[in-house]
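Taking the numbering used here, the leading residue of the sequence shown gets 134, the next gets one more, and so forth.
Down below is the structure, laid out as structure tokens.
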Amino acid sequence: MSTLDRLAAAQGSTKRDVAAMTTAIAERGADAPVRAVFREDRYGLFEYAGTVATVSDGSRLLAARAFDSGTGKPTTPLRAFEALEALDDLDGDAVDAVDLAHGDLASARIEHSLYGQFDVTGVALQTLDGGRTLIGEWIVADAGKPAPNVTEVRRIASAGEHDIAVPSQLAHVETDVV
Numbered sequence: 134m135s136t137l138d139r140l141a142a143a144q145g146s147t148k149r150d151v152a153a154m155t156t157a158i159a160e161r162g163a164d165a166p167v168r169a170v171f172r173e174d175r176y177g178l179f180e181y182a183g184t185v186a187t188v189s190d191g192s193r194l195l196a197a198r199a200f201d202s203g204t205g206k207p208t209t210p211l212r213a214f215e216a217l218e219a220l221d222d223l224d225g226d227a228v229d230a231v232d233l234a235h236g237d238l239a240s241a242r243i244e245h246s247l248y249g250q251f252d253v254t255g256v257a258l259q260t261l262d263g264g265r266t267l268i269g270e271w272i273v274a275d276a277g278k279p280a281p282n283v284t285e286v287r288r289i290a291s292a293g294e295h296d297i298a299v300p301s302q303l304a305h306v307e308t309d310v311v
């Protein structure tokens with residue numbers, strides 16, 4: 134299933150399959166590759182793919198985002214969860230992070246000292262002044278330069294050429310992940 138198809142399916146679904154996600158979460162241990170789709174009002178629908186990290190309270194993270202509460206149950210924003218064998222190649226055409234427009238559907242591969250290598254896919258969001266661009270919670274461009282941890286960016290569809298809901302431009306991003 135393509136990235137666009139996965140996000141469209143998650144967007145169209147009114148119910149989460151909590152039982153299936155709970156089973157899938159239970160079957161994945163630390164350092165296992167997974168893909169998870171989240172929905173947040175601020176960021177819209179976004180997908181992370183990477184390896185699982187477990188923190189001291191027992192909850193598990195993917196790209197700094199908790200997907201279970203330490204009990205094995207999925208967090209409320211989690212819409213879909215699946216096991217992967219490895220990270221796939223990113224869909225779309227290679228672009229510079231600074232060339233993304235608000236509303237483009239895009240993916241970024243990020244190399245982070247704490248969270249390892251992971252992918253974030255979703256609608257590109259910009260601040261009102263256009264100075265920062267995010268995909269999901271991750272800043273991919275700032276002040277006209279790609280974020281230092283971004284290693285690859287792909288545009289899957291330009292703004293207006295996909296049906297994924299586009300949140301409003303962001304008034305501030307001080308609490309977002311760099």
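Idealized CB from N, CA, C, for every residue including glycine.
Across the structure, S202 and P281 are spaced so that their CA atoms are roughly 30 Å apart. The alpha-carbon separation between R198 and G162 amounts to approximately 16 Å. Sequence-distant Cβ neighbours of V273 in its own chain, meaning closer than 6 Å and more than five residues away, are A230, A241, T266, A280 and V283.
Annotation: G191 to R212 spans about 21 Å, alpha carbon to alpha carbon.
Annotated as distal: A157 and Y181, with beta-carbon spacing of 8 Å or more. A direct Cα-Cα distance of roughly 20 Å separates S291 from D275.
Counting along the chain, I289 sits inside the beta strand (DSSP E) bounded by residues V283 to A290. In this structure, the CA atom of A298 is about 14 Å from the CA atom of V170.
In the DSSP assignment, R172 falls within the unbroken beta strand (DSSP E) covering P166 to E173.
Comparing alpha carbon positions, the residue from R288, G249 and H235 closest to G263 is H235.
Assignment of R212 by DSSP, reduced to helix, strand and coil, places it in the strand class.
Judged by DSSP in its simplified three-state form, L178 adopts strand.
For D138, no beta strand (DSSP E) encloses it; the enclosing alpha helix (DSSP H) starts and ends at T136 to G145. In the DSSP assignment, I272 falls within the beta strand (DSSP E) that extends over W271 to D275. The beta-carbon distance between E215 and V151, rounded to whole angstroms, is 14 Å. This is too long to meet the 8 Å contact definition.
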